[in-house]
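Asks: So the sequence lines, in the order shown, correspond to chains A, B and C.
For the record, in the first sequence the residue sitting at position 329 is 383 according to this note's numbering, with numbers rising by one throughout.
For the record, in the second sequence the residue sitting at position 235 is 289 according to this note's numbering, with numbers rising by one throughout.
For the record, in the third sequence the residue sitting at position 112 is 166 according to this note's numbering, with numbers rising by one throughout.
Glycine included, C-beta positions come from ideal geometry on N, C-alpha and C.
If you're wondering where the values come from, they're calculated on a predicted model, not measured in any experiment.
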Amino acid sequence: MHRALPVPVSVDAIAERIGGTVHGNGARRIARLASLESAGADAVSFLSGRRHAQAARDSGAGALIVSAALQAEAPADAVRIIVADPYVGYATLSQWFESLLAPPRAAAAIDPLARVDVAARLGAGVGVGPGATIAAGARIGEGCRIGAGCAIGEGASVGPDSILHPNVVLYPGVRLGARAIVHAGTVIGADGFGFAPSREGFVKIAQLGSVHIGDDVEIGANCAIDRGALDDTEIGDGVKIDNLVQVGHNVRIGAQTVIAGCVGIAGSATIGARCMIGGGVGVSGHIEICDGAIIGGFSLVERSVDEPGFYTGAWPLQSHVQWERTAATLKQLPRLRQRLRGLEARAGEPPKDPE
Amino acid sequence: MHRALPVPVSVDAIAERIGGTVHGNGARRIARLASLESAGADAVSFLSGRRHAQAARDSGAGALIVSAALQAEAPADAVRIIVADPYVGYATLSQWFESLLAPPRAAAAIDPLARVDVAARLGAGVGVGPGATIAAGARIGEGCRIGAGCAIGEGASVGPDSILHPNVVLYPGVRLGARAIVHAGTVIGADGFGFAPSREGFVKIAQLGSVHIGDDVEIGANCAIDRGALDDTEIGDGVKIDNLVQVGHNVRIGAQTVIAGCVGIAGSATIGARCMIGGGVGVSGHIEICDGAIIGGFSLVERSVDEPGFYTGAWPLQSHVQWERTAATLKQLPRLRQRLRGLEARAGEPPKDPE
Amino acid sequence: MHRALPVPVSVDAIAERIGGTVHGNGARRIARLASLESAGADAVSFLSGRRHAQAARDSGAGALIVSAALQAEAPADAVRIIVADPYVGYATLSQWFESLLAPPRAAAAIDPLARVDVAARLGAGVGVGPGATIAAGARIGEGCRIGAGCAIGEGASVGPDSILHPNVVLYPGVRLGARAIVHAGTVIGADGFGFAPSREGFVKIAQLGSVHIGDDVEIGANCAIDRGALDDTEIGDGVKIDNLVQVGHNVRIGAQTVIAGCVGIAGSATIGARCMIGGGVGVSGHIEICDGAIIGGFSLVERSVDEPGFYTGAWPLQSHVQWERTAATLKQLPRLRQRLRGLEARAGEPPKDPE
Chain A
55 MHRALPVPVS VDAIAERIGG TVHGNGARRI ARLASLESAG ADAVSFLSGR RHAQAARDSG
115 AGALIVSAAL QAEAPADAVR IIVADPYVGY ATLSQWFESL LAPPRAAAAI DPLARVDVAA
175 RLGAGVGVGP GATIAAGARI GEGCRIGAGC AIGEGASVGP DSILHPNVVL YPGVRLGARA
235 IVHAGTVIGA DGFGFAPSRE GFVKIAQLGS VHIGDDVEIG ANCAIDRGAL DDTEIGDGVK
295 IDNLVQVGHN VRIGAQTVIA GCVGIAGSAT IGARCMIGGG VGVSGHIEIC DGAIIGGFSL
355 VERSVDEPGF YTGAWPLQSH VQWERTAATL KQLPRLRQRL RGLEARAGEP PKDPE
Chain B
55 MHRALPVPVS VDAIAERIGG TVHGNGARRI ARLASLESAG ADAVSFLSGR RHAQAARDSG
115 AGALIVSAAL QAEAPADAVR IIVADPYVGY ATLSQWFESL LAPPRAAAAI DPLARVDVAA
175 RLGAGVGVGP GATIAAGARI GEGCRIGAGC AIGEGASVGP DSILHPNVVL YPGVRLGARA
235 IVHAGTVIGA DGFGFAPSRE GFVKIAQLGS VHIGDDVEIG ANCAIDRGAL DDTEIGDGVK
295 IDNLVQVGHN VRIGAQTVIA GCVGIAGSAT IGARCMIGGG VGVSGHIEIC DGAIIGGFSL
355 VERSVDEPGF YTGAWPLQSH VQWERTAATL KQLPRLRQRL RGLEARAGEP PKDPE
Chain C
55 MHRALPVPVS VDAIAERIGG TVHGNGARRI ARLASLESAG ADAVSFLSGR RHAQAARDSG
115 AGALIVSAAL QAEAPADAVR IIVADPYVGY ATLSQWFESL LAPPRAAAAI DPLARVDVAA
175 RLGAGVGVGP GATIAAGARI GEGCRIGAGC AIGEGASVGP DSILHPNVVL YPGVRLGARA
235 IVHAGTVIGA DGFGFAPSRE GFVKIAQLGS VHIGDDVEIG ANCAIDRGAL DDTEIGDGVK
295 IDNLVQVGHN VRIGAQTVIA GCVGIAGSAT IGARCMIGGG VGVSGHIEIC DGAIIGGFSL
355 VERSVDEPGF YTGAWPLQSH VQWERTAATL KQLPRLRQRL RGLEARAGEP PKDPE
């Protein structure tokens, strides 16, 4: 299942890459990176926490990345690579293995079927795929790879060493920082959704702002991040956004915030730094979520969140028959509360309702 | 922050554009359109309602678009432009500023890297970007701009003066009205989701209908609007749709309805005219929403809505700990109701439950 | 409304196609396939269940596909085509009519504006649209049609007789089975969403797995199906997925499962075979849904589902004013339960709460 490296590497070499200490035979050859369950003798795996200890003990892995505290959970035959944080060690190693597994890449080039305007500026070593379009005034930093079918609008800019996968669209004037990864089909800088109702129908509000995205940002596939009406939509450094996420106009997202798939953020909402927004969450417009808040999946954030913490709002799954009963009773809830109050009054109890 | 016009304009010129009356020095030069908070002396801003009155009084704007009723809220130094509806005035002005800010556009042309079938008909002044494909029998009205990477299927038609941003796909036979704006990555006319279960697995139901979209419609980025099974999917004049919206097969949407981002509308649902559908809403299949209904964000419309009004259904956000308690109690709700009934009976009260 | 066949067909020919028996004039010419309500004398329609019996009796259809049990509901003038399952009959017929309605297709060819790597392998009769890219090592089975603007990555494979509509992206190494239909804008194989938090910010976890999709799978427009972290994301034979669906990394979906639009499935979730997942559903990560489960639209599946059945969780729509009252009371629910318990204790009743 797991692809084997064309040339195996030693446990010592792995340990050096991830800053670990080897206990056991550092010369052992490793060809794969695998989960505890599927790792064989030619594979390295990792133990990221005590709840996987049993799986670690049962693993057939030839080498195990593990913390000092949990090294006793390694299988007897495995070479141990001791690191402070095995999950970070795994992440670091995965990047190295990816580079070893990748086919040798041709020198970066501009495909003859790409259309690069003479008034666009491209840094050294930029690759542009077939069918891609780079308009006048656009600037692409050195080392960028612009995928097939991407469209980079007038005056848009991409920082160095960024990767735009196929069919990404940057509207005119969008600014993307360094080391960005944008997955296929994502659209950045489309018009925010603004119309003034009038007697003759809606009058479109031209979206004169842009989108400004910091460094080290990753954005998933088929997202839509709108340009601002007057000011810019702003996404901070290190933000990670999953697939199919909508970011409305003039939204601001603080640094290092993580947003899971299918989230919708309405216009002018502000999300702080280091937040975690679960999958399928909705964020209403013009509200603020403070730094460090965690929003559970599928919740609607319909009001501002002023204190860090873990927040949730979602109907728990029920059998459909039970749900029908519960939903019917839910609609009676304010009346049930009144009836309870009535019984309490009858029993001579003091009022207990907040208002 | 806000881009300055290459050549500033006078307050008088702005007033003429938006049908306003100038109070103060109409010769003042204006270079920017800005929010009340960030406007400087070279900027025009607008006051759209009394709740922004304080911000208006504090604004450094050189000119203010304002209604007669609120003109006293303008800062002392600002030239006032009095209009009936400042928000419409702002919208109208934003379009003018956009045109002044845009780089001078090259004459519309068909890029040599576009593939336009000899049996497609293009009106005068149509521009087609690189990588775009226009198939046989397609008709593109005069003045349209077809973005890079768009694919227009056999026999599809686009009304005059429409803009298709990059990578929009119109499947064969789709009809789009005049002055349409379709943002990047949107797909119109893919097969509706229909399969007949059989003993040998699902039999695909070919989707023989199409999609018919009226005039003055705007559709956001990365939407999916499906073709009908037998009849057409129909979207009325002036409808505005935000990003990442799904419109199922045979849905009908009435004129001037506004649909926010991440909405999903299941097959054969009918939405009336002048409705407002909030972000993240779900609409079940085969139901009807009457004209003029407003659906709050993140609600599921699981039944027909027969009267105009404001409807909502979404769990309010709670701290996760409180949510866990509430969710557990929710499942007890039908039983709590029974217990309440029991206490009432014991107290000699008559039955109070609906059924 | 419904397109007429260029050359009408006889009722006998229709019956032969769908395996039915003709009662009446089998020589009657039929030019259209239409719903009961809109069918005229030149149209064939179908009656799929008793609840449409009145519409069938009132229909002007010239021919009706109907079961033996319901044939008495056919309008007097209609020729009856008796089949075991009229809905399957309609589905089968729709495919034939689609082929008759389609313009004669040019021989499959590789457009000169496509970029097909010399190290890609294409089967016989493969068509590749303008702007499409097929990278080195990719394999495209015979009879496939690769739409305009598609991008097929290094080493990806597509089984025979598959259709990729425009602007579909397959990342490197993705494997797609035979007879696949993938609608426009869908992205398969983008990186799963994985980052290890560290003191220096998030460390990207390279996604070394891939995506493996079985035979006879249809995927809607603008979906995003991520590649696995170590193992593959797996989608079984005959799975049908609607538009704008997100499938996270390492998700497994069993054969013949149907997933409606706007569903989000978080990483490492497992969905069984023959499930039906309603529109807008969210599935949490690392949970399991057993074979044959049905999840109602807009529900969050936040826990594993171990038994087949119909499950739902979604707030029922209310007027906004009622919703505000209900939502406020909901937050009091655990306290209301305590108060009820208090009253019961006072009345001398034994404790009734589960815990």
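If we call anything under 9 Å between Cβ atoms a contact, is R281(C) one with Y225(C)?
Replies: Start at 1 with the first residue of the third sequence, and residue 281(C) comes out as number 227. Start at 1 with the first residue of the third sequence, and residue 225(C) comes out as number 171. Yes.
Asks: Strictly below 9 Å CB to CB, what residues from chain E border P404(A)?
Replies: The chain inventory of the structure shown lacks chain E, comprising the protein chains A, B and C.
Asks: So, does the CB of P251(A) fall closer than 9 Å to a CB anywhere in chain B?
Replies: By 1-based counting over the first sequence, the position of residue 251(A) is 197. So yes, P251(A) belongs to the interface.
Asks: Could you please give the first and the last residue of the uninterrupted beta strand (DSSP E) stretch that includes T118(B)?
Replies: Stepping through the second sequence from its first residue, residue 118(B) is reached at position 64. Before going on, a small fix: residue 118(B) reads as Leu here, not Thr. Counting along the chain, the beta strand (DSSP E) containing L118(B) begins and ends at 117-120.
Asks: Can you list, in chain order, the residues of its chain with a C-beta nearer than 6 Å to that of V305(B)? Leave out the 5 residues immediately preceding and following it.
Replies: Stepping through the second sequence from its first residue, residue 305(B) is reached at position 251. Contacts found: T287, I319, A323.
Asks: Measuring straight from C-alpha to C-alpha, what distance separates G396(C) and F249(B)?
Replies: Locating residue 396(C) in the third sequence gives position 342, counting from the first residue. Locating residue 249(B) in the second sequence gives position 195, counting from the first residue. Answer to the nearest angstrom: the Cα atoms are 54 Å apart.
Asks: Roughly how many angstroms separate the alpha carbons of N297(B) and D245(B), rounded to a whole number?
Replies: Numbered from its first residue, the second sequence carries residue 297(B) at position 243. Numbered from its first residue, the second sequence carries residue 245(B) at position 191. The alpha-carbon atoms of N297(B) and D245(B) are separated by roughly 20 Å.
Asks: Within 9 Å of any Cβ in chain B, is that where the Cβ of R199(A) sits?
Replies: Mapped onto the first sequence, residue 199(A) falls at position 145. It does not: the Cβ of R199(A) has no partner Cβ on chain B nearer than 9 Å.
Asks: Which residues of the segment 251-277 of chain A have a Cβ closer than 8 Å to any Cβ of chain C? Give them in chain order.
Replies: The residues in question are D270, E272, G274, A275, N276.
Asks: Pull the bridge partners of Y365(A) from the DSSP assignment, please.
Replies: Counted from its first residue, the first sequence places residue 365(A) at position 311. Its beta-bridge partners are I349(A), S373(B).
Asks: Determine the extent of the beta strand (DSSP E) in which E403(C) is found, giving its start and end residues.
Replies: Position 349 of the third sequence, counted from the first residue, corresponds to residue 403(C). Run containing E403(C): none; DSSP gives neither H nor E here.
Asks: By alpha-carbon positions, which one of T187(B), G201(B), C198(B) ends up nearest to E208(B)?
Replies: On the second sequence, position 154 is the one that residue 208(B) refers to. Of T187(B), G201(B), C198(B), the residue nearest in Cα terms is T187(B).
Asks: Three or more C-beta pairs under 8 Å: does that hold for the segment 228-243 of chain C against the segment 115-124 of chain A?
Replies: Touching, no.
Asks: DSSP on P214(C), reduced to helix/strand/coil?
Replies: In the third sequence, residue 214(C) corresponds to position 160, counting from 1. Note: P214(C) maps to coil in three-state DSSP.
Asks: Is DSSP giving G74(B) helix, strand or coil here?
Replies: Residue mapping note: residue 74(B) aligns to position 20 of the second sequence, counting from 1. Coil at G74(B), not helix or strand.
Asks: Of the residues that make up the segment 121-146 of chain C, which ones have a beta carbon closer than 9 Å to any beta carbon in chain B?
Replies: Per Cβ criterion, the list reads D139, Y141, V142, G143, Y144, A145, T146.
Asks: In chain C, which residues lie with their C-beta within 8 Å of the C-beta of C316(A)?
Replies: Here residue 316(A) is taken as the residue at index 262 of the first sequence, counted from 1. Under the 8 Å cutoff, chain C gives Q300, C316, G318, G336.
Asks: Quick check: the Cα distance between A69(C) and V223(C), rounded to an integer number of angstroms?
Replies: Counting from 1 along the third sequence, the entry for residue 69(C) is found at position 15. Counting from 1 along the third sequence, the entry for residue 223(C) is found at position 169. Distance between the alpha carbons of A69(C) and V223(C): 40 Å.
Asks: So that I know if they touch, is there some Cβ in chain C lying closer than 9 Å to that of S92(A)?
Replies: Position 38 of the first sequence, counting from 1, holds the residue named residue 92(A). Chain C contact via Cβ: present.
Asks: Check distances from the C-beta atoms of the segment 349-381 of chain C to those of chain B and list, in chain order, the residues that come in under 7 Å.
Replies: Residues G351, F352, A368, W369, P370, L371, Q372, S373, H374, W377, A381.
Asks: Starting from T383(C), find everything on chain A with Cβ-Cβ shorter than 7 Å and list it in chain order.
Replies: The residue labelled residue 383(C) in the question sits at position 329 within the third sequence. The answer, in chain order, is L387, P388, R391.
Asks: For E208(B), go through chain C and note every residue whose CB falls closer than 7 Å to its CB, in chain order.
Replies: Here residue 208(B) corresponds to residue number 154 of the second sequence, with the count starting at 1. By Cβ distance, chain C contributes P157.
Asks: Start and end of the beta strand (DSSP E) containing D280(A)?
Replies: The residue given as residue 280(A) occupies position 226 in the first sequence. First-last of the beta strand (DSSP E) with D280(A): 278-280.
Asks: Under 9 Å between C-beta atoms, does E70(B) make it to chain A?
Replies: Here residue 70(B) is taken as the residue at index 16 of the second sequence, counted from 1. No - not a single Cβ of chain A is within 9 Å of the one on E70(B).
Asks: Could you check the C-alpha separation between E409(A) and S102(C) for me, to the nearest Å?
Replies: On the first sequence, residue 409(A) is found 355 positions in, with the first residue counted as 1. On the third sequence, residue 102(C) is found 48 positions in, with the first residue counted as 1. With a pLDDT of 48 at E409(A), under the threshold of 50, the modelled position of that residue is not reliable, and the figure given next carries that caveat. Cα to Cα, the separation comes out at about 55 Å.
Asks: Could you list which residues in chain C have their beta carbon closer than 8 Å to that of R57(A), in chain order?
Replies: Against the first sequence, residue 57(A) aligns to sequence position 3. Per Cβ cutoff of 8 Å: L262.
Asks: Can you tell which of P370(C), A382(C), R104(C), L387(C) has its C-alpha closest to the C-alpha of E378(B)?
Replies: Translated into positions along the second sequence, residue 378(B) becomes position 324. The candidate whose alpha carbon is nearest that of E378(B) is L387(C).
Asks: Output needed for G183(B): all residues of its chain with C-beta closer than 6 Å, excluding positions within five of it in sequence on either side, in chain order.
Replies: The sequence position of residue 183(B) within the second sequence is 129, counting from 1. These residues qualify, in order along the chain: D165, G201, A202.
Asks: Candidates G116(C), E127(C), S99(C): which alpha carbon is nearest R105(C)'s?
Replies: Start at 1 with the first residue of the third sequence, and residue 105(C) comes out as number 51. Answer by Cα proximity: E127(C).
Asks: Taking C-beta pairs closer than 9 Å, name the residues in chain A that F151(B) reaches, listed in chain order.
Replies: The residue given as residue 151(B) occupies position 97 in the second sequence. Ordered by position in chain A, the residues that pass the 9 Å Cβ test against F151(B) are A260, L262.
Asks: Can you give the Cα-Cα distance for T75(A) and A85(A), rounded to whole angstroms?
Replies: Translated into positions along the first sequence, residue 75(A) becomes position 21. Translated into positions along the first sequence, residue 85(A) becomes position 31. Distance between the alpha carbons of T75(A) and A85(A): 19 Å.
Asks: Among V98(C), L59(C), S92(C), R57(C), which residue has its Cα nearest to the Cα of G72(C)?
Replies: Here residue 72(C) refers to the residue found at position 18 of the third sequence. Before going further, note that residue 72(C) is Ile rather than Gly in the sequence given. Out of V98(C), L59(C), S92(C), R57(C), V98(C) has the C-alpha closest to the C-alpha of I72(C).
Asks: In terms of residues, what are the limits of the alpha helix (DSSP H) holding S153(A)?
Replies: In the first sequence, counting from the first residue as 1, residue 153(A) sits at position 99. Taken as a continuous stretch (DSSP letters only), the alpha helix (DSSP H) holding S153(A) covers 140-155.
Asks: Cβ of R169(C) less than 9 Å from any chain A Cβ?
Replies: Taking the third sequence and counting its residues from 1, the one referred to as residue 169(C) is at position 115. Cβ-Cβ to chain A under 9 Å: yes for R169(C).
Asks: Kindly say whether L397(C), judged by its beta-carbon, lies nearer than 9 Å to any beta-carbon of chain B.
Replies: The residue labelled residue 397(C) in the question sits at position 343 within the third sequence. Closer than 9 Å to some Cβ of chain B, the Cβ of L397(C) qualifies, so yes.
Asks: For V125(B), which three-state DSSP category applies?
Replies: By one-based count along the second sequence, residue 125(B) stands at place 71. It is worth fixing the name first, because residue 125(B) is Gln in this sequence and not Val. In this structure, Q125(B) counts as helix in the three-state DSSP scheme.
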